[in-house]
Amino acid sequence: MERWERHIQTPLLALAVVFGVAYAVPIVAPDADPWVHRLCTHVEWAVWAAFALDYLVRLALAPARWAFVRSHPLDLLAVILPMVQPLRLLRVVSTLLLVGRRARMAPQITLTTYVAGAVVGLMMFGSLAVLHVERDAPNGNIKTLGDAVWWSFTTMTTVGYGDHAPTTGLGRVLAVGLMLSGIALLGVVTANIAAWFISRFDRDDEVERRQTELLEALTAEVRALRAEVARLSPPPPPAESEAVPAPIAPRV
Numbered sequence: 009m010e011r012w013e014r015h016i017q018t019p020l021l022a023l024a025v026v027f028g029v030a031y032a033v034p035i036v037a038p039d040a041d042p043w044v045h046r047l048c049t050h051v052e053w054a055v056w057a058a059f060a061l062d063y064l065v066r067l068a069l070a071p072a073r074w075a076f077v078r079s080h081p082l083d084l085l086a087v088i089l090p091m092v093q094p095l096r097l098l099r100v101v102s103t104l105l106l107v108g109r110r111a112r113m114a115p116q117i118t119l120t121t122y123v124a125g126a127v128v129g130l131m132m133f134g135s136l137a138v139l140h141v142e143r144d145a146p147n148g149n150i151k152t153l154g155d156a157v158w159w160s161f162t163t164m165t166t167v168g169y170g171d172h173a174p175t176t177g178l179g180r181v182l183a184v185g186l187m188l189s190g191i192a193l194l195g196v197v198t199a200n201i202a203a204w205f206i207s208r209f210d211r212d213d214e215v216e217r218r219q220t221e222l223l224e225a226l227t228a229e230v231r232a233l234r235a236e237v238a239r240l241s242p243p244p245p246p247a248e249s250e251a252v253p254a255p256i257a258p259r260v
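Throughout the sequence shown, residue numbering follows our numbering, covering 9 to 260 in sequence.
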């Protein structure tokens, strides 16, 4: 299973990029030809099917299948979710869950890269999803892609100026998801920065501690050498005043 995950990692991430393009084209260009919309829909389902096949293969290769299912609930939810109700938004959610799961498993992807990719991905899909939902709403004020991107940015950073806000139920669900995701990512970034500073301080303290120990050891060695030199050195010759005794006065 580890060999399968290692070989399938890059193709799945590439398929996720293809899914993003296929999801964005009908929303950005709603007046495109019908065959373009149909092609994008087929591509979305094909990418989801590839991730579902990956889950089934890993399930078949797992030594304990029930343990694998219990330890990967989000993967199972992402595979089943689009089958319950074939909405495009559910395919987006399932693909994001699967991509996030596989990206966290990639050892070559650092935490900073993962967080940056998660922010960009959530902003992109959040903007496209809310634009798709709110563009035709009677009282909606998110009508262009620029408005949607601005709304996603202010929502993920929990600023919420209020100049653009969703009016539909599904749009508000998207807003809640982006808020929670923004708070979670901000917490990850803050924890990562704090951990970096703590490790840096610990490293500096360790270096200072080692230098102090070396100085103490060097001082002890110098003292020992001085004592040894004093012990091995011959006694100094007596002084001249001590070698020639003073003359004794004669008695009268």
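For every residue, glycine included, the Cβ atom is placed at its ideal position computed from N, Cα and C.
Worksheet item: Nearest chain E C-beta to residue 125 closer than 8 angstroms, yes or no?
Response: Here chain E cannot be found, since the structure has a single protein chain.
Fill in: Residue span of the alpha helix (DSSP H) that contains residue 220, given as start and end
Taking the sequence shown and counting its residues from 1, the one referred to as residue 220 is at position 212. Boundaries of the alpha helix (DSSP H) harbouring residue 220: 177-240, taken from the DSSP string.
Worksheet entry | Spatially closest choice to residue 11 from 49, 65, 58, by CA coordinates | Taking the sequence shown and counting its residues from 1, one reaches residue 11 at position 3. Taking only the C-alpha atoms, the option nearest residue 11 is 65.
Practice prompt. Out of 49, 233, 23, 39, point me to the one whose CA is closest to residue 58's CA.
Written response: Locating residue 58 in the sequence shown gives position 50, counting from the first residue. When C-alpha distances from residue 58 are compared across 49, 233, 23, 39, the shortest belongs to 23.
Discussion item. The alpha helix (DSSP H) that contains residue 150, what's its start and end?
Written reply: On the sequence shown, position 142 is the one that residue 150 refers to. Careful: residue 150 lies outside any alpha helix (DSSP H) and carries neither H nor E.
Fill in: Per-residue burial, residue 131 [other beta carbons within 10 Å of its own, 16 or more giving buried]
Start at 1 with the first residue of the sequence shown, and residue 131 comes out as number 123. So residue 131 counts as buried.
Item to complete: Out of 85, 144, 62, 20, state which residue places its alpha-carbon closest to the alpha-carbon of residue 38.
Response: Mapped onto the sequence shown, residue 38 falls at position 30. Among 85, 144, 62, 20, the Cα nearest to that of residue 38 belongs to 144.
Discussion item. If you measure between the beta carbons of residue 48 and residue 33, is that distance less than 8 angstroms?
Written reply: Position 40 of the sequence shown, counting from 1, holds the residue named residue 48. Position 25 of the sequence shown, counting from 1, holds the residue named residue 33. Yes, the Cβ-Cβ distance between residue 48 and residue 33 is below 8 angstroms.
Discussion item. Check for me: the alpha helix (DSSP H) holding residue 54 runs from which residue to which?
Written reply: On the sequence shown, residue 54 is found 46 positions in, with the first residue counted as 1. Run containing residue 54: 42-69, per the alpha helix (DSSP H) assignment.
Discussion item. Taking the beta carbon of residue 43 as the centre, do at least 16 other beta carbons fall within 10 Å, making it buried, or is it exposed?
Written reply: The residue you call residue 43 lines up with position 35 of the sequence shown. Under this definition residue 43 is an exposed residue.
Practice prompt. Quick one: residues in its chain with C-beta nearer than 8 angstroms to the C-beta of residue 77, no 5 flanking neighbours on either side, listed in chain order?
Written response: For the purposes of this step, residue 77 is taken as residue 69 along the sequence shown, with counting starting at 1. Cβ within range, chain order: 67, 84.
Practice prompt. Check each candidate in 217, 88, 164, 181 and name the one with the smallest Cα separation from residue 195.
Written response: Within the sequence shown, residue 195 is the residue found at index 187, counting from 1. Ranking 217, 88, 164, 181 by Cα distance to residue 195 puts 164 first.
Discussion item. My output table needs one value for residue 94: the three-state DSSP class, helix, strand or coil.
Written reply: The sequence position of residue 94 within the sequence shown is 86, counting from 1. Only weak support exists for where residue 94 lies, its pLDDT of 44 falling under 50; the coordinates are left without a value.
Worksheet item: With distances taken from CA atoms, which of 31, 62, 54, 168 is nearest residue 18?
Response: Reading the sequence shown from its first residue, position 10 is the one you call residue 18. Ranking 31, 62, 54, 168 by Cα distance to residue 18 puts 62 first.
Worksheet item: With distances taken between CB atoms, is the gap from residue 142 to residue 176 smaller than 8 angstroms?
Response: Along the sequence shown, read from residue 1 onward, the residue named residue 142 stands at position 134. Along the sequence shown, read from residue 1 onward, the residue named residue 176 stands at position 168. Yes, they are a contact pair.
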